[in-house]
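**Student:** For the protein sequence lines, the chains are X and F, in the order given.
Residue 187 is where the first sequence starts when you use the numbering used here, and the numbers rise one by one after that.
Residue 187 is where the second sequence starts when you use the numbering used here, and the numbers rise one by one after that.
Think of the CB as a built atom: it goes at the ideal place given N, C-alpha and C, for glycine as much as any other residue.
Here the structure is a predicted model, which means the values were calculated and not measured.
Have a look at the structure that comes next, please.
Number of protein chains: 2
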Amino acid sequence: MIQKVVFEKQRQRAPSKRALQSRERILDAAERVFARKGFDGATIREIAAEAGTQVGLVHHHGGGKATLFARTVERRAAELSDLRLGMLDRRKAAGPVDLSDILECFFAPYLQRAAEGEPQWLAYARLVAHVSADPRWHSIAVEFFDPTANRFIDEIGNLFPKASRGAIASGFVYSVSAMLALLTSEWRIEALGEDPVAPDARLQTLVSFCAAGIAASLAQ
Amino acid sequence: MIQKVVFEKQRQRAPSKRALQSRERILDAAERVFARKGFDGATIREIAAEAGTQVGLVHHHGGGKATLFARTVERRAAELSDLRLGMLDRRKAAGPVDLSDILECFFAPYLQRAAEGEPQWLAYARLVAHVSADPRWHSIAVEFFDPTANRFIDEIGNLFPKASRGAIASGFVYSVSAMLALLTSEWRIEALGEDPVAPDARLQTLVSFCAAGIAASLAQ
DNA sequence: GTCTATATGTAGATAGAC
DNA sequence: GTCTATCTACATATAGAC
Numbered sequence: 187m188i189q190k191v192v193f194e195k196q197r198q199r200a201p202s203k204r205a206l207q208s209r210e211r212i213l214d215a216a217e218r219v220f221a222r223k224g225f226d227g228a229t230i231r232e233i234a235a236e237a238g239t240q241v242g243l244v245h246h247h248g249g250g251k252a253t254l255f256a257r258t259v260e261r262r263a264a265e266l267s268d269l270r271l272g273m274l275d276r277r278k279a280a281g282p283v284d285l286s287d288i289l290e291c292f293f294a295p296y297l298q299r300a301a302e303g304e305p306q307w308l309a310y311a312r313l314v315a316h317v318s319a320d321p322r323w324h325s326i327a328v329e330f331f332d333p334t335a336n337r338f339i340d341e342i343g344n345l346f347p348k349a350s351r352g353a354i355a356s357g358f359v360y361s362v363s364a365m366l367a368l369l370t371s372e373w374r375i376e377a378l379g380e381d382p383v384a385p386d387a388r389l390q391t392l393v394s395f396c397a398a399g400i401a402a403s404l405a406q
Numbered sequence: 187m188i189q190k191v192v193f194e195k196q197r198q199r200a201p202s203k204r205a206l207q208s209r210e211r212i213l214d215a216a217e218r219v220f221a222r223k224g225f226d227g228a229t230i231r232e233i234a235a236e237a238g239t240q241v242g243l244v245h246h247h248g249g250g251k252a253t254l255f256a257r258t259v260e261r262r263a264a265e266l267s268d269l270r271l272g273m274l275d276r277r278k279a280a281g282p283v284d285l286s287d288i289l290e291c292f293f294a295p296y297l298q299r300a301a302e303g304e305p306q307w308l309a310y311a312r313l314v315a316h317v318s319a320d321p322r323w324h325s326i327a328v329e330f331f332d333p334t335a336n337r338f339i340d341e342i343g344n345l346f347p348k349a350s351r352g353a354i355a356s357g358f359v360y361s362v363s364a365m366l367a368l369l370t371s372e373w374r375i376e377a378l379g380e381d382p383v384a385p386d387a388r389l390q391t392l393v394s395f396c397a398a399g400i401a402a403s404l405a406q
């Protein structure tokens, strides 16, 4: 009887809050496991264990493995797009922007969060690399990544009116791949460079590399 | 009865040749399937079907899934390293080299073969991207990729004696990631650029991008 | 919403005939 | 070396009690 009362109290007090917590925990766990193992290497069982719930519940909230994967990507992609476009709009409102400014608006929101010890953002970098390299997820890239990418390509095009859009797109995709390499291959850079990478200099080094690369490939 | 006779003739005529062909066919099939699906997405059964053999035979020749994967990477990596280092040695013997020359020696052997319609080289690009992004395969990267990478980083270091090895390693890894993006994300470049990429210009565009990027990030 | 139990399929690996 | 048959384990997904 007491249990029944407690149960009723919980249901009345915060049923949706508990539900939301489970949903969020499952999505967080899915993001980490998918990032560690990729889509095929991840298992619903491991996600359930990491979220502290049951296999059936992951299906209930996630809607199947493929849907759950798309949702984990969508959640971060939407947040990141807002941050990037917001930074770009604020920069442009403050005055004219150059190529380095535009690239910084794309890189900085991501790198700052990844560097600030929020591990889910590092996991997301591995997720994006996974999506970008696998043709099965092309529709995810088109739906969640391309709108923001096109906006940044347009901005670069404003600075180089004579350059072909294809050349700009090449430079942009190379730049994105370099950013992902910075996040996912730091272990390799440090092994090859025989030295730890200084976190503070990473953004400026990446911006220098990509801005000079794009400018040179467009001037060619 | 006729089928039995044919089978006996094949066995007597070329047993070891047939064996070698099976080994090679299995390795070729494994490379294609691993490239399409990644390590976890690939199945021994699909590799066997693609090679036209049996599941048990793939285990017999491949030595298990993980060993088979490492062998597919090792085979191409060794061949590619020879081509790259050979081209670099020939260039240096012909006269002094600059940054663009060094990068071209790294990119050209790969891009030429990938462009010449040899699909296994395109498959290998996706394999390398898979290995580079997945910490489980770090030992493969260290064993098969790093010796050649260190040689090229040394060469770049000769041109920039004041630059730190870490900064050069960063630029080199960004450049490799751009090369892989060129091969694995052409579909995305063409979608964003609203135009097909001209195959002939790809090498020079990539070299221009990376050489300018490395020079700028080292001058910073 | 949560949890247990289970249905159904398929994975990697191997034993043994030829 | 080759091929068939099979072992064992674990995958996704769902049904139904609470």
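With DSSP as the reference, label F:T229 as helix, strand or coil.
**Tutor:** Numbered from its first residue, the second sequence carries residue 229 of chain F at position 43. In the structure shown, F:T229 sits in coil (DSSP, three-state: anything other than H, G, I, E or B).
**Student:** Establish whether the CB of X:Y310 and some CB of chain F are separated by less than 8 Å.
**Tutor:** Here residue 310 of chain X is taken as the residue at index 124 of the first sequence, counted from 1. Not closer than 8 Å to any Cβ of chain F, the Cβ of X:Y310 fails to qualify, so no.
**Student:** For the pair the region 370-378 of chain F and the region 376-395 of chain X, tell me if three or more CB-CB distances fall below 8 Å.
**Tutor:** Contact fails: fewer than three Cβ-Cβ distances are below 8 Å.
**Student:** Which bits of chain F does X:I375 rub up against, with CB to CB less than 8 Å?
**Tutor:** Taking the first residue of the first sequence as position 1, residue 375 of chain X is located at position 189. By Cβ distance, chain F contributes G352, A355, S356 and V359.
**Student:** In chain X, what lies closer than 7 Å to F:F293 by C-beta?
**Tutor:** Locating residue 293 of chain F in the second sequence gives position 107, counting from the first residue. Here the premise fails: no neighbours, minimum Cβ distance about 12 Å.
**Student:** I need the boundaries of the alpha helix (DSSP H) containing X:S363, first residue and last residue.
**Tutor:** As a working note, residue 363 of chain X is residue 177 in the first sequence. Residue range R351 to T370 is occupied by the alpha helix (DSSP H) that includes X:S363.
**Student:** List, in chain order, every chain X residue whose beta-carbon is nearer than 8 Å to that of F:V328.
**Tutor:** Within the second sequence, residue 328 of chain F is the residue found at index 142, counting from 1. In chain order: A377.
**Student:** For F:V219, decide whether its Cβ has a neighbour in chain X, counting only Cβ atoms nearer than 8 Å.
**Tutor:** In the second sequence, counting from the first residue as 1, residue 219 of chain F sits at position 33. Not one chain X Cβ lies under 8 Å of F:V219.
**Student:** Just verifying my parser: in three-state terms, what is the DSSP assignment at F:G343?
**Tutor:** Within the second sequence, numbered from 1, the residue matching residue 343 of chain F stands at position 157. Three-state result, F:G343: helix.
**Student:** Using 8 Å as the threshold, is the C-beta distance between X:G399 and F:D381 below it?
**Tutor:** Position 213 of the first sequence, counting from 1, holds the residue named residue 399 of chain X. Position 195 of the second sequence, counting from 1, holds the residue named residue 381 of chain F. The answer is no: Cβ separation not under 8 Å.
**Student:** Can you list, in chain order, the residues of its chain whose CB lies under 7 Å from that of F:L269, leaving out five sequence neighbours each side?
**Tutor:** Indexing the second sequence from 1 puts residue 269 of chain F at position 83. Result list for F:L269: P295, in chain order.
**Student:** Write down the C-beta distance between X:A215 and X:I230 rounded to the nearest angstrom, noting that I regard them as a contact closer than 8 Å.
**Tutor:** Residue 215 of chain X sits at position 29 when you count from the first residue of the first sequence. Residue 230 of chain X sits at position 44 when you count from the first residue of the first sequence. Their Cβ separation, rounded to whole angstroms, is 10 Å, which puts X:A215 and X:I230 out of contact at 8 Å.
**Student:** Less than 8 Å between the CB atoms is what I'm expecting for X:Y310 and X:E217, so what's the real figure, rounded?
**Tutor:** Sequence index remark: in the first sequence, residue 310 of chain X carries index 124 (1-based). Sequence index remark: in the first sequence, residue 217 of chain X carries index 31 (1-based). Right, their Cβ atoms sit about 7 Å apart.
**Student:** Would X:I326 pass as a contact of X:A256 if the rule is Cβ separation under 8 Å?
**Tutor:** Indexing the first sequence from 1 puts residue 326 of chain X at position 140. Indexing the first sequence from 1 puts residue 256 of chain X at position 70. Cβ distance < 8 Å, so X:I326 and X:A256 count as in contact.
**Student:** To test your reading of the DSSP string, which unbroken beta strand (DSSP E) runs of 3 or more residues are found completely within the region 273-307 of chain F?
**Tutor:** none
**Student:** Counting only beta-carbon separations shorter than 8 Å, does X:K145 have a partner in chain F?
**Tutor:** The question about residue 145 of chain X has no answer, for chain X in this structure spans 187 to 406.
**Student:** Taking C-beta to C-beta, are X:V259 and X:F338 nearer than 8 Å?
**Tutor:** Residue numbering aside, residue 259 of chain X sits at position 73 when the first sequence is read from its first letter. Residue numbering aside, residue 338 of chain X sits at position 152 when the first sequence is read from its first letter. Against a cut-off of 8 Å, the Cβ pair of X:F338 and X:V259 comes out as no contact.
**Student:** Which residues in the same chain as X:R299 place their Cβ atom closer than 7 Å to its Cβ, once the five residues preceding and following it in sequence are excluded?
**Tutor:** To locate residue 299 of chain X, count along the first sequence from 1; it is residue 113. Excluding residues within five positions, the ones whose Cβ falls inside 7 Å are W307.
**Student:** What do you reckon, are the CB atoms on F:L404 and F:F346 nearer than 8 Å?
**Tutor:** Counting from one through the second sequence, the residue named residue 404 of chain F turns up at place 218. Counting from one through the second sequence, the residue named residue 346 of chain F turns up at place 160. One thing to note: F:L404 has its Cβ within 8 Å of the Cβ of F:F346.
**Student:** Whole angstroms are fine: how far does the CA of F:A228 sit from the CA of F:G238?
**Tutor:** Counting from one through the second sequence, the residue named residue 238 of chain F turns up at place 52. Counting from one through the second sequence, the residue named residue 228 of chain F turns up at place 42. Going by the C-alpha atoms only, they are around 16 Å apart.
**Student:** Could you tell me whether any Cβ in chain F is nearer than 8 Å to the Cβ of X:D226?
**Tutor:** Position 40 of the first sequence, counted from the first residue, corresponds to residue 226 of chain X. Interface annotation, X:D226: in contact with chain F, CB-CB separation under 8 Å.
**Student:** Between which two residues does the alpha helix (DSSP H) containing X:A401 stretch?
**Tutor:** Start at 1 with the first residue of the first sequence, and residue 401 of chain X comes out as number 215. Its alpha helix (DSSP H) spans residues P385 to A405.
**Student:** Which residues in the same chain have their Cβ closer than 6 Å to the Cβ of F:R209, if we skip the five residues on either side of it in sequence?
**Tutor:** Position 23 of the second sequence, counted from the first residue, corresponds to residue 209 of chain F. Once the five neighbours on either side are set aside, the close Cβ partners of F:R209 are H247.
**Student:** Between the alpha carbons of F:A387 and F:K223, how many angstroms are there, rounded?
**Tutor:** One-based indexing of the second sequence puts residue 387 of chain F at position 201. One-based indexing of the second sequence puts residue 223 of chain F at position 37. For F:A387 and F:K223, the distance between alpha carbons rounds to 30 Å.
**Student:** Taking the alpha-carbon of X:L297 as reference, which of X:V362, X:W323, X:A402 and X:A335 has the nearest alpha-carbon?
**Tutor:** Translated into the one-based positions of the first sequence, residue 297 of chain X becomes position 111. Checked all of X:V362, X:W323, X:A402 and X:A335; the closest Cα to X:L297 is X:V362.
**Student:** Between X:F225, X:E265 and X:P385, which lies nearest to X:T334 when the distance is taken from Cα to Cα?
**Tutor:** In the first sequence, the residue the question calls residue 334 of chain X occupies position 148. Of the listed residues, the one whose Cα sits closest to X:T334 is X:E265.
**Student:** Please report the straight-line C-alpha distance between F:M365 and F:F293, rounded to a whole angstrom.
**Tutor:** Within the second sequence, the letter at position 179 stands for residue 365 of chain F. Within the second sequence, the letter at position 107 stands for residue 293 of chain F. Distance between the alpha carbons of F:M365 and F:F293 is about 7 Å.
**Student:** Look at F:S371 and X:V359 and say whether their C-beta atoms are less than 8 Å apart.
**Tutor:** Working through the second sequence from its first residue, we reach residue 371 of chain F at position 185. Working through the first sequence from its first residue, we reach residue 359 of chain X at position 173. Yes; because the gap between Cβ atoms is below 8 Å, this pair is in contact.
**Student:** For F:E244 and F:V219, what's the separation of their Cα atoms in angstroms?
**Tutor:** Translated into positions along the second sequence, residue 244 of chain F becomes position 58. Translated into positions along the second sequence, residue 219 of chain F becomes position 33. Position check: residue 244 of chain F holds Val in this sequence, whereas Glu was assumed. If you take the alpha carbons of F:V244 and F:V219, they lie about 13 Å apart.
**Student:** By the three-class DSSP mapping on this structure, what secondary structure does X:K348 have?
**Tutor:** In the first sequence, residue 348 of chain X corresponds to position 162, counting from 1. Per DSSP, reduced to three states, the secondary structure at X:K348 is coil, with no helix or strand assignment.
**Student:** For a cutoff of 8 Å on Cβ pairs, would you count X:S363 as touching chain F?
**Tutor:** Indexing the first sequence from 1 puts residue 363 of chain X at position 177. With 8 Å as the cut-off, X:S363 counts as an interface residue toward chain F.
**Student:** What does the alpha-carbon distance come out to for the pair X:S286 and F:G249?
**Tutor:** One-based indexing of the first sequence puts residue 286 of chain X at position 100. One-based indexing of the second sequence puts residue 249 of chain F at position 63. Each residue's Cα considered, the two are about 50 Å apart.
**Student:** At the level of alpha carbons, what is the spacing between F:D226 and X:L271?
**Tutor:** By 1-based counting over the second sequence, the position of residue 226 of chain F is 40. By 1-based counting over the first sequence, the position of residue 271 of chain X is 85. Rounded to whole angstroms, F:D226 to X:L271 spans 36 Å at the Cα level.
**Student:** For the region 329-346 of chain X, which residues have a CB atom closer than 8 Å to at least one CB atom of chain F, in sequence order?
**Tutor:** D332, A335, N336 and I339
**Student:** Have a look at F:P385 and F:R276 and give me their C-alpha separation to the nearest angstrom.
**Tutor:** Counting from 1 along the second sequence, the entry for residue 385 of chain F is found at position 199. Counting from 1 along the second sequence, the entry for residue 276 of chain F is found at position 90. If I take the Cα positions, the gap works out to 25 Å.
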